[in-house]
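Student: My structure is below; once you've seen it, I'll send some questions.
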Amino acid sequence: MSDAAHAHDDHGHHAHPTGIMRWLTTTNHKDIGSLYLWFSLIMLFTAGSMALLIRSELFEPGMQLMHPDFFNQLTTMHGLIMIFGVIMPAFTGFANWQVPLMIGAPDMAFPRMNNWSFWLLPVAGIMLLGSFWLPGGAVAGGWTMYPPLFIQGGVSYDLTILAVHIMGLSSIMGSINIITTILNMRAPGLTLMKMPMFVWTWLITAYLLIATMPVLAGAVTMLLTDRNFGTHFFNAAGGGDPVMFQHIFWFFGHPEVYILILPAFGIVSQIIPTFSRKPLFGYASMVYATASIAILSFTVWAHHMFAVGMPVAAQLFFMFSTMLIAVPTGVKVFNWVATMWKGSLTFETPMLFAIAFVCLFTIGGFSGLVLAMAPVDIQLQDTYYVVAHFHYVLVSGALFSIFAGIYYWLPKWTGHMYNETLGKTHFWLSVIGMNIVFFPMHFLGLAGMPRRIPDYALQFTEFNQIATVGAFIFGFSQLIFLVLVLKTIKGGAKASDQVWEGAQGLEWTVPSPAPYHTFETAPVVK
Amino acid sequence: MSLAQTDKYYLPQPSLWPIIGSVALLTMAVGGVMAMHEINHGLWVLLAGVAVLFFMMFGWFGEVIRDSEAGRYNKQVDSSYRWSMSWFIFSEVMFFAAFFGALFYTRVLSVPWLGESDTMQQLWPTFKAAWPTAGPGLTADGLKFTPMEAWGIPAINTLLLLSSGVTVTWAHWGLKKNNRMQLILGLGMTVTLGVVFLCLQAYEYHHAYTQMGLTLGAGVYGATFFMLTGFHGFHVLVGTTMLIVMLLRSIAGHFTAEHHFAFEAVSWYWHFVDVVWVLLFILVYWLI
Ligand code: HEM
Ligand SMILES: [Cu+2]
Numbered sequence: 005m006s007d008a009a010h011a012h013d014d015h016g017h018h019a020h021p022t023g024i025m026r027w028l029t030t031t032n033h034k035d036i037g038s039l040y041l042w043f044s045l046i047m048l049f050t051a052g053s054m055a056l057l058i059r060s061e062l063f064e065p066g067m068q069l070m071h072p073d074f075f076n077q078l079t080t081m082h083g084l085i086m087i088f089g090v091i092m093p094a095f096t097g098f099a100n101w102q103v104p105l106m107i108g109a110p111d112m113a114f115p116r117m118n119n120w121s122f123w124l125l126p127v128a129g130i131m132l133l134g135s136f137w138l139p140g141g142a143v144a145g146g147w148t149m150y151p152p153l154f155i156q157g158g159v160s161y162d163l164t165i166l167a168v169h170i171m172g173l174s175s176i177m178g179s180i181n182i183i184t185t186i187l188n189m190r191a192p193g194l195t196l197m198k199m200p201m202f203v204w205t206w207l208i209t210a211y212l213l214i215a216t217m218p219v220l221a222g223a224v225t226m227l228l229t230d231r232n233f234g235t236h237f238f239n240a241a242g243g244g245d246p247v248m249f250q251h252i253f254w255f256f257g258h259p260e261v262y263i264l265i266l267p268a269f270g271i272v273s274q275i276i277p278t279f280s281r282k283p284l285f286g287y288a289s290m291v292y293a294t295a296s297i298a299i300l301s302f303t304v305w306a307h308h309m310f311a312v313g314m315p316v317a318a319q320l321f322f323m324f325s326t327m328l329i330a331v332p333t334g335v336k337v338f339n340w341v342a343t344m345w346k347g348s349l350t351f352e353t354p355m356l357f358a359i360a361f362v363c364l365f366t367i368g369g370f371s372g373l374v375l376a377m378a379p380v381d382i383q384l385q386d387t388y389y390v391v392a393h394f395h396y397v398l399v400s401g402a403l404f405s406i407f408a409g410i411y412y413w414l415p416k417w418t419g420h421m422y423n424e425t426l427g428k429t430h431f432w433l434s435v436i437g438m439n440i441v442f443f444p445m446h447f448l449g450l451a452g453m454p455r456r457i458p459d460y461a462l463q464f465t466e467f468n469q470i471a472t473v474g475a476f477i478f479g480f481s482q483l484i485f486l487v488l489v490l491k492t493i494k495g496g497a498k499a500s501d502q503v504w505e506g507a508q509g510l511e512w513t514v515p516s517p518a519p520y521h522t523f524e525t526a527p528v529v530k
Numbered sequence: 021m022s023l024a025q026t027d028k029y030y031l032p033q034p035s036l037w038p039i040i041g042s043v044a045l046l047t048m049a050v051g052g053v054m055a056m057h058e059i060n061h062g063l064w065v066l067l068a069g070v071a072v073l074f075f076m077m078f079g080w081f082g083e084v085i086r087d088s089e090a091g092r093y094n095k096q097v098d099s100s101y102r103w104s105m106s107w108f109i110f111s112e113v114m115f116f117a118a119f120f121g122a123l124f125y126t127r128v129l130s131v132p133w134l135g136e137s138d139t140m141q142q143l144w145p146t147f148k149a150a151w152p153t154a155g156p157g158l159t160a161d162g163l164k165f166t167p168m169e170a171w172g173i174p175a176i177n178t179l180l181l182l183s184s185g186v187t188v189t190w191a192h193w194g195l196k197k198n199n200r201m202q203l204i205l206g207l208g209m210t211v212t213l214g215v216v217f218l219c220l221q222a223y224e225y226h227h228a229y230t231q232m233g234l235t236l237g238a239g240v241y242g243a244t245f246f247m248l249t250g251f252h253g254f255h256v257l258v259g260t261t262m263l264i265v266m267l268l269r270s271i272a273g274h275f276t277a278e279h280h281f282a283f284e285a286v287s288w289y290w291h292f293v294d295v296v297w298v299l300l301f302i303l304v305y306w307l308i
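Right, here's the structure in full:
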């Protein structure tokens, strides 16, 4: 190394700002990973409180707590924030912390851009949440933003459109960074087919994000110009078509749901082998399954639109392509089960969440298959059956994988073991609570209760009351998680470098807690 | 000039630029919304945001240029920039795809449907579903427009952009041969072609608005026409600006025959903008 560069480096090490400035200006992947994760946790409680308000209103038929328009604002913001403010940032936080550690890189490829990707999220958050206080309140048109309703709203609608642009910018920059890091900064000897599954799933997720976020940006730009600049993209009088928005939106939207689940697959594929003390079963097939899910996910979007009206040939195409995508998903489930088969299993909290993931995500996959059948979906579209489906894949799928990942890597990050009793309590309350909320929703949907409605017919009362009770159990048990995380950061039993007996991979070769800078010289992988 | 290369991947120090960029975008978004709703001073807030954004870009890119000229970027960093620029261009492709998709969908599917369905026949019995159209409702209200003809300015613009693709490549050859004169001359010609393109497009827009009744509000034809060509024109503007920066840097003696990815990135971008234009010329102007 040349002297000039050396001097520069030394100079850098004592120029680190402290306090709030450290977090505003940081270019360190671990700092930025923590920022993402904290942001996600705060948003989880924000959007979670909205869910509890929704469930409170739905405890009884009739209107009790709020104006119906405010109810619609809550469902819309709950959806937008959970997707863009909780699940996606949490996974990006994991990517920031873990990808460099797992591939033996000194940091992300573009540390400054990495900082910007994060600091755009609070901007979007301010715009979304702030709109509650604007005249007319927050957006109430549903997270899917369908026109013509979305064209008719007030100021907050434009603010939301621009917030979506900003979140898209953040995701695109974040994804370019992650892809470049994975493709260009792996330690010598770490070939693609030796990469940990988590890294593989993020590589493919980042590709999906770069391919679809610009399409969403295009769709909301058309909304913006239809609202403010006199275009007629979605207005039949001008030759446009409101259904066109749905096509463009779901061309983004369906790959988006895989963006929300592929990193979860990755996390679970790290955890199950560790606690089974066996290598992942069918590694190559996992990689190919992930890649085929990513490719197929561009060909299924109109399964969200069966009830809208489409030529029969199109209905059939989208029905079969949707069923086809369940095949690689099934491959994954079988591989996880086969990994556990004859392993020497132990059931620490990460493993419990991972096993719950496998079981409950599969239920969500099956209800997805039910919805994939066009004739059935025409009955079930926009009922609580759909709500049940996507909460099984998103809560017991994506969110549980996030919990699993936190329990799994927190000792590496903080240097302390978490409290296993608290962890297990959190797990059992979450699993039980989650099923009490969402399982009855299948029955409600089959019986015909529509979604996004603040009032309902009397015969739906019992199941709704059960769901509301479950929601409060689930919601308040998340406070245990908050306490557990804070306690683990403060102290606890010292974690060893390897942390878990069966853990494999580069991240377990660095000390716990992981030092601020790791792998400044690349390790060599055999 | 010799660039000292290190074996370590360059990791920048903590930086204020990103957070300044966030403040800029927040100000711009709030100002933009205020302006769209005609709230007092909205435009000024928007412009203030834009000013902060420009400040940030000057500062940030300046820092990157200084890092690069100081030789802090080794082969691996160079290859990071290459990957990231390719993926960035891919994201741009997908952005345009959304609008080309809208053009395809309306032209091939939904406008014909408007002519076929019974409800529409009841509502607007005189409507003939044929491209280009301002749609049944606007046409019934008496909106008339002339579609844009391909073989005037658009054809000239095609020639201009295609030649600019040649001149930028010629400049690149110059750079690789260390022929600075050829580099500067080639870049100068490319910038000129870009600027002339933009002027002609501005003239075409003016003509469309004042003489042809063709506006953003002229139904779905006007919307797709202006959004597609408008976003393309904006990209030409950005591309030209970046080419000007490259020209100034070349005059200042930056870049070496081996190490000049900034230049290459701009030329990739320029070629991408070129390809989009060819598609526009065929699908938007020519085949109507
Ligand atoms: C086996 C795989 C899956 C299949 C076959 C499937 C199928 C479907 C179908 C047909 C719908 C439309 C229902 C309707 O609106 O009538 C739907 C909705 C939905 N799915 Fe899935 N799905 C699968 C996996 C997933 C995954 C992994 C996620 C997310 C992690 C997900 C998230 C959603 C969401 C959020 C909606 C509702 C969107 C809305 O209308 O707000 N799905 N799914
Ligand atoms: Cu879908």
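Line order of the protein sequences matches chains A and B. Sequential numbering from 5 applies to the first sequence in our numbering. Sequential numbering from 21 applies to the second sequence in our numbering. All C-beta atoms in this analysis are idealised placements derived from N, C-alpha and C, irrespective of residue type, glycine included.
Tell me whether the beta-carbon of Val529/A lies closer than 8 angstroms to the beta-carbon of Ala191/A.
Tutor: Cβ atoms of Val529/A and Ala191/A: closer than 8 angstroms.
Student: Kindly identify the DSSP beta-bridge partner or partners of Thr146/B.
Tutor: In DSSP, Thr146/B forms no bridge with anything.
Student: Less than 8 angstroms between CB atoms is the rule here; does Ala317/A satisfy it with respect to chain B?
Tutor: no
Student: With Tyr241/B and Pro152/B assumed to form a contact (beta carbons below 8 angstroms), what rounded beta-carbon distance in angstroms separates them?
Tutor: 4 angstroms
Student: Threshold first: 4 residues or longer. Then list the alpha helix (DSSP H) segments lying entirely within the stretch 452-506 of chain A, N to C.
Tutor: The stretch 452-506 of chain A contains these whole alpha helix (DSSP H) runs: 465-494.
Student: Measure the Cβ-Cβ separation of His307/A and Ala376/A and say whether it is below 8 angstroms.
Tutor: Ala376/A is positioned such that its CB atom lies closer than 8 angstroms to that of His307/A.
Student: When Cβ atoms are compared, which residues of the stretch 98-111 of chain B fall closer than 8 angstroms to chain A?
Tutor: Within the stretch 98-111 of chain B, the residues whose Cβ lies closer than 8 angstroms to some Cβ of chain A are Ser99, Ser100, Trp103, Ser104, Trp107, Phe108, Phe110 and Ser111, listed in chain order.
Student: Could you check whether the Cβ of Trp64/B sits closer than 8 angstroms to any Cβ belonging to chain A?
Tutor: Not an interface residue.
Student: Answer with yes or no whether the minimum CB distance from Ile130/A to chain B is below 8 angstroms.
Tutor: Interface with chain B (8 angstroms Cβ-Cβ cutoff): Ile130/A is included.
Student: Counting C-beta neighbours from all protein chains within 10 Å, is the total for Thr31/A 16 or more, i.e. buried, or is it exposed?
Tutor: buried
Student: Nearest to Trp123/A by CA position, among Val90/A, Leu163/A, Leu69/A and Trp27/A, is which residue?
Tutor: Restricting attention to Val90/A, Leu163/A, Leu69/A and Trp27/A, the CA atom closest to the CA of Trp123/A is found in Trp27/A.
Student: I want to check one thing, is the minimum distance from the CB of Val568/A to the heavy atoms of ligand 1 below 7 angstroms?
Tutor: Residue 568/A is absent from the structure shown; chain A starts at 5 and stops at 530.
Student: Return the chain-ordered list of same chain residues with a C-beta closer than 6 angstroms to the C-beta of Met327/A, the five sequence neighbours on each side being excluded.
Tutor: Ala376
Student: For Pro32/B and chain A, any beta-carbon pair shorter than 8 angstroms?
Tutor: yes
Student: Anything in the stretch 30-59 of chain A with a Cβ closer than 7 angstroms to a Cβ of chain C? List those residues in chain order, please.
Tutor: The structure shown contains no chain C; the protein chains it does contain are A and B.
Student: Helix, strand or coil: which one does DSSP assign to His420/A?
Tutor: DSSP, reduced to helix, strand and coil, places His420/A within a strand of the structure shown.
Student: Less than 6 angstroms between C-beta atoms, sequence neighbours within five positions excluded: which residues of the same chain meet that for Gly506/A?
Tutor: Thr278 and Arg281
Student: Tell me which same chain residues have a C-beta within less than 8 angstroms of the C-beta of Asp386/A, skipping the five on either side of it?
Tutor: So the qualifying residues of the chain are Ala311, Pro454, Arg455 and Arg456.
Student: Could you check whether the Cβ of Gln385/A sits closer than 7 angstroms to any heavy atom belonging to ligand 1?
Tutor: yes
Student: Alpha carbon to alpha carbon, how far is Leu63/B from Ala228/B?
Tutor: 26 angstroms
Student: Does DSSP classify Thr387/A as helix, strand or coil?
Tutor: strand
Student: Measure from the alpha carbon of Leu300/A to the alpha carbon of each residue in Met309/A, Gly313/A, Phe321/A and Pro315/A, then state which is nearest.
Tutor: Phe321/A
Student: Would you say the beta carbon of Val293/B is closer than 7 angstroms to some non-hydrogen atom of ligand 4?
Tutor: Among the ligands present in this structure, namely ligand 1 and ligand 2, ligand 4 is not found.
Student: Starting from His57/B, find everything on chain A with Cβ-Cβ shorter than 9 angstroms and list it in chain order.
Tutor: Neighbours of His57/B across chain A, judged by C-beta separation under 9 angstroms: Gly158, Val159, Asp162 and Asn232.
Student: Do Val247/A and Val168/A come within 8 angstroms of each other at the CB atom, strictly closer than that value?
Tutor: no
Student: Is the beta carbon of Gly286/A sitting closer than 8 angstroms to the one on Ala241/A?
Tutor: no
Student: What separation, rounded to the nearest whole angstrom, lies between the Cα atoms of Leu373/A and Met323/A?
Tutor: 9 angstroms
Student: Given Ile170/A, which residues of its chain have a CB within under 7 angstroms of its CB, disregarding the five upstream and five downstream residues?
Tutor: Taking Ile170/A as the centre and dropping the five residues before and after it, the same chain places the C-beta of Leu124, Val127 and Ala128 closer than 7 angstroms to its C-beta, in chain order.
Student: Kindly list, in the order they appear in chain B, the residues whose Cβ is closer than 7 angstroms to that of Leu266/A.
Tutor: The contacting residues do not exist; Leu266/A stays about 17 angstroms from chain B at best.
Student: Mind the definition here: the stretch 387-407 of chain A touches the stretch 430-445 of chain A only if three or more C-beta pairs lie below 8 angstroms; say whether that holds.
Tutor: yes
Student: Beta-carbon within less than 8 angstroms of Ile470/A's beta-carbon, same chain only, minus the 5 sequence neighbours each way: which residues are those?
Tutor: Ile440 and Pro444
Student: Quick check: Met106/A and Glu511/A, are their CB atoms within less than 8 angstroms of each other?
Tutor: yes
Student: Using Cβ-Cβ distances below 8 angstroms, what residues of the stretch 114-127 of chain A are close to chain B?
Tutor: Those residues of the stretch 114-127 of chain A that come within reach of chain B (Cβ to Cβ, closer than 8 angstroms) are Phe114, Pro115, Arg116, Met117, Asn119, Trp120, Trp123, Leu124, Pro126 and Val127.
Student: CB-CB under 6 angstroms to Leu486/A, same chain, minus the five flanking residues each way: which ones, in chain order?
Tutor: none
Student: If you count every other CB in all the chains shown that lies within 10 Å of the CB of Lys494/A, and 16 or more means buried, which is it?
Tutor: exposed
Student: Say whether the stretch 283-299 of chain B touches the stretch 263-271 of chain B, bearing in mind that this needs 3 or more beta-carbon pairs closer than 8 angstroms, one atom from each stretch.
Tutor: yes
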